[in-house]
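**Student:** Dumping the structure here so I can ask a few things about it.
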Amino acid sequence: MPIEVNTPDKLEYQFFPASGGVFTFKVRSPKDAHLALTPAPEENGPIFEIFLGGWENTKSVIRKDRQKPEVAEVPTPGILDAGEFRGFWVRWYDNVITVGREGDAAAFLSYDAGSLFPVNFVGICTGWGASGTWLIDESAPSAPVMGFAAPTGSGPGCWV
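This note's numbering numbers the first residue of the sequence shown as 14 and each following residue consecutively.
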């Protein structure tokens, strides 16, 4: 059963524990759904921010430590919708942050961080004139997730 969270037009992150290297969710918002990957449940210190449907729902970006320029950017016109939930996943594995749509194995946004801090929390918020409703997946971190086959014997797991 997903957790439902309402985020006001405040740009204030609400944090949730993260484990297993993936965060899956659905969001209903006209624009500006923001996520923060952090080692602690706070906005101070190291942070990677992911903005979905920013700039009036025209592009999505990854930003490091609240600094411009963005480290990754892609046009995503209409990626969010005020009237329907849209599903996404965020994954951090082997120092790479990837973002994709629910049901798609391939990411539409990615960044190789080189050396990524331990991601222990994910924050969510909306802003810039938008509020939102989020459905956060509570799936078990030990379960295989989106495109990753868990090792079943000798040898490493493989990306599908």
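Built from N, CA and C at the ideal position, the CB exists for glycine as well. Remember, it's a predicted structure, so these values are computed and weren't measured experimentally.
Sort A118, A126, G34 by Cα distance to N108 and report the nearest one.
**Tutor:** Closest option to N108, Cα to Cα, is A126.
**Student:** Do I137 and L65 have their CB atoms nearer than 7 Å?
**Tutor:** The answer is no: Cβ separation not under 7 Å.
**Student:** Since G136 is in the alpha helix (DSSP H), which residue starts that stretch and which ends it?
**Tutor:** Careful: G136 lies outside any alpha helix (DSSP H), inside the beta strand (DSSP E) at 134-139.
**Student:** Would L148 and P15 be called neighbours here (beta carbons separated by less than 7 Å)?
**Tutor:** Yes; because the gap between Cβ atoms is below 7 Å, this pair is in contact.
**Student:** Based on Cα-Cα distance, which residue from I60, V40, K72 lies nearest to E17?
**Tutor:** Comparing Cα positions, the closest option is V40.
**Student:** Return the first residue and the last residue of the alpha helix (DSSP H) that N19 is part of.
**Tutor:** It is not in any alpha helix (DSSP H) - N19 instead sits in the beta strand (DSSP E) that spans 16-20.
**Student:** Identify the residues that DSSP records as bridge partners of K72: which are they?
**Tutor:** Bridge partners of K72: G67, P88.
**Student:** Going by DSSP in three states, Y26 sits in which element: helix, strand or coil?
**Tutor:** Three-state DSSP puts Y26 in coil, outside helix and strand.
**Student:** Below 8 Å CB to CB, which residues in the same chain sit around S144 once its five sequence neighbours on both sides are set aside?
**Tutor:** Excluding residues within five positions, the ones whose Cβ falls inside 8 Å are N19, T20, P21, D22, S42.
**Student:** In terms of residues, what are the limits of the beta strand (DSSP E) holding D125?
**Tutor:** Run containing D125: 122-125, per the beta strand (DSSP E) assignment.
**Student:** In three-state terms, what does DSSP make of I110?
**Tutor:** I110: strand per DSSP, three-state reduction.
**Student:** Helix, strand or coil: which one does DSSP assign to R99?
**Tutor:** Three-state result, R99: strand.
**Student:** Per the contact definition of three or more C-beta pairs closer than 8 Å, is the segment 128-137 in contact with the segment 66-76?
**Tutor:** Flag = no, the segment 66-76 and the segment 128-137 do not touch.
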